[in-house]
Amino acid sequence: RSAAANPGTLAPLLSDRPSQNYDYNLGFKFDAGLVTDYFDRVRAGSTNPDSAAGVRRIPQSITADYTAKEDILAGYAQARFDLGATDVLVGLRVEKTDFEGSATSVALSGAQTPVTVDRDQTDFFPNLTLRHSFSDQLIGRFALTRAISRPDYTDIVPRVLETTDSGRTTVTRGNPDLKPTLSNNVDLGLEYYLRPLGVISANAFYKDLSNYRFTLVTDNVPYVTPTSTVAQVTEARNARDGHIAGVEFNWQQTFDFLPGWASGFGVFANYTLTDAEIKTSRAFAGRDTFALPGQSDETYNAALFYERYGFSARISYTHRGDFLEAIDATNPGKDLYVEGRGQLDFTTSYDFGNGVEVFGEAKNLTDSAGVRYYGVKERTYEYEKFGYNVFFGVRFKL
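Last residue of the sequence shown: 401 (the numbering used here), numbering continuous.
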């Protein structure tokens, strides 16, 4: 079949082959190729698909493809010292990273340009860790470390994805100049071990960041296509520096001291409070200091569990606060945020003791929504309801 001029129906887009899955005749199905071709032309702004044959949106089968290769050669040395109640661990890790990526930049007109990026770097990661036993139950820890977070391939490969809708062009492009994020870390913590089985801990941490990655959205960038002269461009950038400072509290305990069947109960709880920000190399809409993208000020989770006589069950709740997802280069009111969200889950299982176990899981029991908004919560950008999932099964151990 071929897709002719718009007849007012989608009948010409049906395949000649009927859908007969599982021996049921479900009628003719849509031909994916014809549907894609039809809507490509319509989205280009023409009311007559045939007249827009030379103007198509970007071929996603090409732009979604890329090749990337990353080789990491690493070596390390470490030494451990036992100083009575204090254990000291010192070490150094060296990593040499070679990266090569290639992709095809495809313009809306169809012009294709292969682009390749090739680079290598060497990083050093020293480590100093101290563990001091104040008593059999009270342990103190201190650590100085350095860590690295490398960019995702999709952020660094030099590909350009263009789409158009009603004459408006949006571009998502990789940034071959994107650097890995480096972090110098200080951690200090106390752990108190409960008898017979449990622990309460408190930790403070500080991370000094360089080249932290963030997403920048820029409107009205000069960008010529068959249907527009400007585009909205989204790409990953590096901030100049930043930090994360915070405290974390944990409590985990099994209630073995309770009589009989009640001794199978236990709890787990965690609370983290952070202060985090980045500074950019240039100002965007008069701003060069932002909340750290992807980092919530507050996160917590708690669980009540039971394990006894082959039966186990756990009900847990997790929550994270709002966080910044993307920075708008020209309008603070269009900074994109993700609203805080909590989720209630339940899992259970029973082990028969002969290699057979039945289990069940239920996720997102409260059907909490995922919300993104611009600037303030009243300006909703996206509202998603995920529903809840319930599944169960049987495990066999041979």
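For every residue, glycine included, the Cβ atom is placed at its ideal position computed from N, Cα and C.
Everything numeric in this text was worked out from a predicted model, so none of it was measured.
{"Query": "Where do the ends of the alpha helix (DSSP H) carrying Asp158 lie?", "Result": "Tyr156 to Ile159"}
{"Query": "Determine the DSSP secondary structure at Gly297, reduced to helix, strand or coil.", "Result": "coil"}
{"Query": "Leaving out five residues before and five after Asp90 in sequence, what residues of the same chain have Cβ atoms less than 6 Å from its Cβ?", "Result": "Arg134"}
{"Query": "Does DSSP classify Gly336 as helix, strand or coil?", "Result": "helix"}
{"Query": "Under 8 Å between the Cβ atoms of Asp291 and Ala248?", "Result": "no"}
{"Query": "In three-state terms, what does DSSP make of Tyr192?", "Result": "First, the amino acid is wrong: residue 192 is Gly here, not Tyr. DSSP places Gly192 in strand when its eight states are reduced to three."}
{"Query": "In terms of DSSP beta bridges, what is Trp254 paired with?", "Result": "Ile203 and Ala272"}
{"Query": "State the CB to CB distance for the pair Arg240 and Phe217, rounded to an integer number of angstroms; the pair is presumed to be in contact (CB under 8 Å).", "Result": "6 Å"}
{"Query": "How about Ala82 and Val93: do their beta carbons lie closer than 8 Å?", "Result": "yes"}
{"Query": "May I have the straight-line CA-CA distance separating Thr275 from Phe293, to the nearest angstrom?", "Result": "20 Å"}
{"Query": "If you run the structure through DSSP and keep just helix, strand and coil, what is Ala265?", "Result": "helix"}
{"Query": "Can you tell which of Gln256, Leu347, Arg344 and His322 has the C-alpha that lies nearest to the C-alpha of Tyr309?", "Result": "Gln256"}
{"Query": "Using beta-carbon positions only, say whether Thr100 and Ser152 come within less than 8 Å of one another.", "Result": "no"}
{"Query": "Measure the C-alpha to C-alpha separation of Ser213 and Val359 and round it to an integer number of angstroms.", "Result": "51 Å"}
{"Query": "Taking the beta strand (DSSP E) that Asp348 belongs to, which residues open and close that run?", "Result": "Arg344 to Asp354"}
{"Query": "Excluding the five sequence neighbours on either side, which residues of its own chain have a C-beta within less than 6 Å of the C-beta of Lys337, listed in chain order?", "Result": "Asp331 and Tyr377"}
{"Query": "Within the same chain, show all residues whose beta-carbon is closer than 6 Å to that of Ala146, passing over the 5 residues directly before and after it, in chain order.", "Result": "Thr132 and Asp190"}
{"Query": "What do you get for Arg382, buried or exposed, if any count of 16 or more other CB atoms within 10 angstroms of its CB means buried?", "Result": "exposed"}
{"Query": "Tell me which residue opens and which closes the beta strand (DSSP E) that Arg382 is part of.", "Result": "From DSSP, Arg382 is part of no beta strand (DSSP E); its letter is neither H nor E."}
{"Query": "Examine the Cβ distances between the segment 280 to 288 and the segment 313 to 325 and report whether three or more of them are shorter than 8 Å.", "Result": "no"}
{"Query": "Does the Cβ of Phe394 have 16 or more other Cβ atoms within 10 Å, making it buried, or fewer, making it exposed?", "Result": "exposed"}
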